[in-house]
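Residue numbers (the numbering used here): 66 to 126. No residue lacks a Cβ here, since even glycine has one placed at the ideal position from N, Cα and C. These figures come from a predicted structure and were not determined experimentally. Here's the structure we're looking at; comments come further down.
So, in structure tokens, the structure goes:
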């Protein structure tokens, strides 16, 4: 399932921000729960729309 609507992308972005916050603050229980959710979204085939995906960096010589 490809998520194109802004609301869905915002929800996923917010969830990832909360995961990073939990990691940084050392809240292991919250971190585990959020990682589980993230892994299951990925396993279910949930993906961000291409325009919101990170852009690849150009290789520097």
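Simplified DSSP assignment, three categories, for residue i
{"i": "residue 117", "result": "Confidence in residue 117 is poor, its pLDDT being 46 and thus under 50, which makes the residue's placement unreliable; the coordinate value appears in the next sentence. Here residue 117 sits in helix by DSSP."}
Beta-carbon gap between residue i and residue j smaller than 8 Å
{"i": "residue 95", "j": "residue 87", "result": "yes"}
{"i": "residue 100", "j": "residue 83", "result": "no"}
{"i": "residue 102", "j": "residue 72", "result": "no"}
Next on the checklist: List, from N- to C-terminal side, the alpha helix (DSSP H) runs of 4 residues or more that fit wholly inside the segment 83–112.
Outcome noted: Correct list: 93–108.
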